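Inspection log for the structure reproduced underneath, given as structure tokens.
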Amino acid sequence: METINFSDLDIAPLASTLGRTLETIYRPATGRVIPSETQVTSILPEEGVGAEALPGLWQEIVERSTRLAEPTMLGHMDTAPHPVAALTDCVVSALNNNLLFRELSPFASQIEEGLIEAFAQRLGLPVSSTGTFCSGGSIANLTALFVACGGFENNQEMIRNYLPGLPYCYTNGSPYNEGDGVRMAMEVGADLWHMNNFAGPSMALKVPEYRTTFSMIALHFSRDMPGGMIVVGPDGNRFADEKRKTSHGKVYESGRWASMSTPCPMHMIVDHALFSSGPLYDKEPRSGWNTMVDRYDWSDDNRAELANGWIKSRGTIAALAPAIGLDARTLVDTVNRWNEHCEKEEDFDFGRTQMLVPIAEPPFYALELSPSMLNTQGGPRRNGNGQIVRPDGTPVPRLYSAGELGSIYSYLYQGTGNIGECLSFGRISGRNAASEKPWAKGG
Ligand SMILES: Cc1cc2nc3c(=O)[nH]c(=O)nc-3n(C[C@H](O)[C@H](O)[C@H](O)COP(=O)(O)OP(=O)(O)OC[C@H]3O[C@@H](n4cnc5c(N)ncnc54)[C@H](O)[C@@H]3O)c2cc1C
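Using this note's numbering, you'd call the opening residue of the sequence shown number 14 and step up by one each time.
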């Protein structure tokens, strides 16, 4: 590829001619007759002649244009550019300071940020406000706005406020869905719906070093592992069939579907037979973000996770209990009772039928489990056209949504429903948003 050596270009004589040309633009030349019609092609050379063509071309253009300082000049609505601005523009266009990336425009970006901050202050917007300057026309006159920025699965305050019975909950999906779409829609008067519906809870490991949860194989209804395992609540007692198949966290109880109980903090108690049988974490990609994006490589023998404190271990159950904040007597009784059930091959408390194996082989291990979910369903209510609506059902003008943000699913999760909804409302809302009349014309 041919490279251009800019330093070979002799700019100084060109700049001096340009300066003289600009002077003529701002110097009155009364009596000059502006040609009524210009044959543009007649002033352009037949063949390219390089930079030498410029001085003559500038002069030709000036002769055929309005001189800004002439008494006969008619300014209409737009003011004439100040000579200093015109000169500065020369430098600006040479630097090509578009503000797309800071690397391209460190100086100008700083100015832009400062101005946005000043404007936000004047308008009383929060300090966290950001923005960008745009020319009018197509960018400023957005035809419609389309929000599809996911749910609130990483917003603990919204989780506490809206999801039934959960003091906290984490996701094994995207860590970036923080409920921004819910907040933004509320700010423009949208109604909210399905805020109490979510694809969960399940029970999974959440550690401070990672943003999303780790699914435990032993808890999956379709997977068996050798060795003993139970889950206990904060009182040291079991509270459910640990292996039961839920419908995305909903269980059929007393003739209706209810959220599975997750008394926090919960602990999975495991014996050495299970611990030494392979990784406790389900490393399959379906497990979500940690395997697919953060790519945490769980050790095959669980030793790395034991060493970094995610798994606690003691020689006896009585010693393990205080290490995880539980009453030793209760936990020992719970484990003994479980072991008796296993001996009789029947879980008299919760009817568990899978992995009926005693917790027998020391040492013993504990992992703290948290409520986990795939995604939330709540958010701004949308109508059949994909428009976000207000409490009275009228659409917020030009505002559309798709996906799990304000999903159509009200309480129970429909299998694979989210992806289906993403596709259908992506199409419906996208088409309708695109068919809105541009702002300037449509009002
Ligand atoms: C492990 C797992 C398995 C699943 N399995 C199934 C299944 O089998 N079938 C099914 O139907 N559903 C399934 N789901 C649910 C389904 O995947 C999601 O509900 C769906 O992908 C949501 O798509 P979305 O486009 O609405 O949101 P997302 O795909 O979550 O996209 C939202 C995007 O917005 C971005 N964002 C957030 N805030 C902002 C902001 N302020 N500005 C700009 N961007 C922002 C986020 O970073 C994210 O990229 C599963 C979910 C998980 C986690």
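Every residue gets a Cβ at the ideal spot worked out from N, C-alpha and C, and that includes glycine. Quick caveat, the model's predicted, so the values are computed rather than measured.
- For Arg403, there is no enclosing beta strand (DSSP E), since its DSSP letter is neither H nor E.
- Beta-bridge annotation (DSSP): Phe211 is paired with Thr389.
- Judged by pairs of C-beta atoms under 8 Å, the stretch 198–207 touches the stretch 380–400, as three or more such pairs exist.
- Taking the CA atoms as reference points, Asn167 sits about 8 Å from Ser187.
- For the pair Gly416 and Ala157, the CB atoms are not nearer than the 8 Å cut-off.
- Within the stretch 24–98, the runs of alpha helix (DSSP H) at least 4 residues long that lie entirely inside it are, in chain order, 24–39, 53–56 and 66–76.
- When the beta-carbon positions are compared, Thr259 and Met273 come within less than 8 Å of each other.
- Fewer than three Cβ pairs drawn from the stretch 255–269 and the stretch 178–198 lie within less than 8 Å of each other, which leaves the two stretches out of contact.
- Taking non-hydrogen atoms of ligand 1 into account, the C-beta of Ala446 is found less than 7 Å away from none of them.
- Judged by the Cβ position, Tyr424 fails to qualify as a neighbour of ligand 1 at the 7 Å threshold, every heavy atom of the ligand being at least this far.
- Lys325 is bridged by DSSP to Ala379.
- Sorting Ser385, Trp71 and Gly406 by C-alpha distance to the C-alpha of Ile172 places Ser385 at the top.
- In this structure, the C-beta of Tyr294 stays at least 7 Å away from each heavy atom of ligand 1.
- By alpha-carbon distance to Glu65, the top candidate from Ser267, Arg327, Val97 and Ile24 is Ile24.
- A straight-line Cα-Cα distance of about 8 Å links Pro94 and Leu81.
- In summary, Gly268 is exposed, with fewer than 16 beta-carbon neighbours lying within 10 Å of its beta-carbon over all protein chains present.
- Arg440 places its beta carbon 8 Å or farther from that of Phe363.
- Fully enclosed alpha helix (DSSP H) runs of no fewer than 4 residues occupy 150–153 of the stretch 124–171, in order along the chain.
- For Ile282, the closest of Ala212, His354, Thr347 and Arg444 by C-alpha to C-alpha distance is Thr347.
- In the three-state reduction of the DSSP assignment, Val409 falls in the strand class, which pools E and B.
- Measuring C-alpha to C-alpha distances from Pro276 to each of Ala107, Gly246 and Ser289 identifies Gly246 as the nearest.
- For Ala320, the Cβ stays outside the 7 Å cut-off from all heavy atoms of ligand 1.
- In this structure the stretch 93–113 lies against the stretch 23–39, because at least three pairs of beta carbons, one per stretch, are closer than 8 Å.
- Ranked by Cα distance from Met229, the options Glu434, Pro410 and Leu382 are led by Leu382.
- With the rule of 3 Cβ pairs closer than 8 Å, the stretch 348–355 does not count as touching the stretch 288–298.
- DSSP, reduced to helix, strand and coil, places Arg269 within a strand of the structure shown.
- In the DSSP assignment, Asp346 falls within the alpha helix (DSSP H) that extends over Ala341 to Lys357.
- Assignment of Met368 by DSSP, reduced to helix, strand and coil, places it in the coil class.
- Note that the C-beta distance between Gly164 and Leu418 is below 8 Å.
- Here Gly433 is exposed, its C-beta having fewer than 16 other C-beta atoms within 10 Å.
- For a cut-off of 8 Å, the C-beta gap from Met199 to Met368 is around 45 Å, too long to register as a contact.
- Per DSSP, Asp284 is not a residue of any alpha helix (DSSP H); the beta strand (DSSP E) it occupies stretches across Met279 to Asp284.
- Shown here for Arg395: same chain residues with a beta carbon closer than 6 Å to its own, the five before and five after excluded, namely Ile401, Ser414 and Gly419 in chain order.
- Pairing Gln123 with Leu113, the inter-Cα distance amounts to about 12 Å.
- Taking the Cα of Asp307 as reference, the smallest distance to any Cα among Leu380, Glu222, Asn431 and Ile372 is reached at Glu222.
- Distance from the CA atom of Val105 to the CA atom of Ser118, rounded to whole angstroms, is 11 Å.
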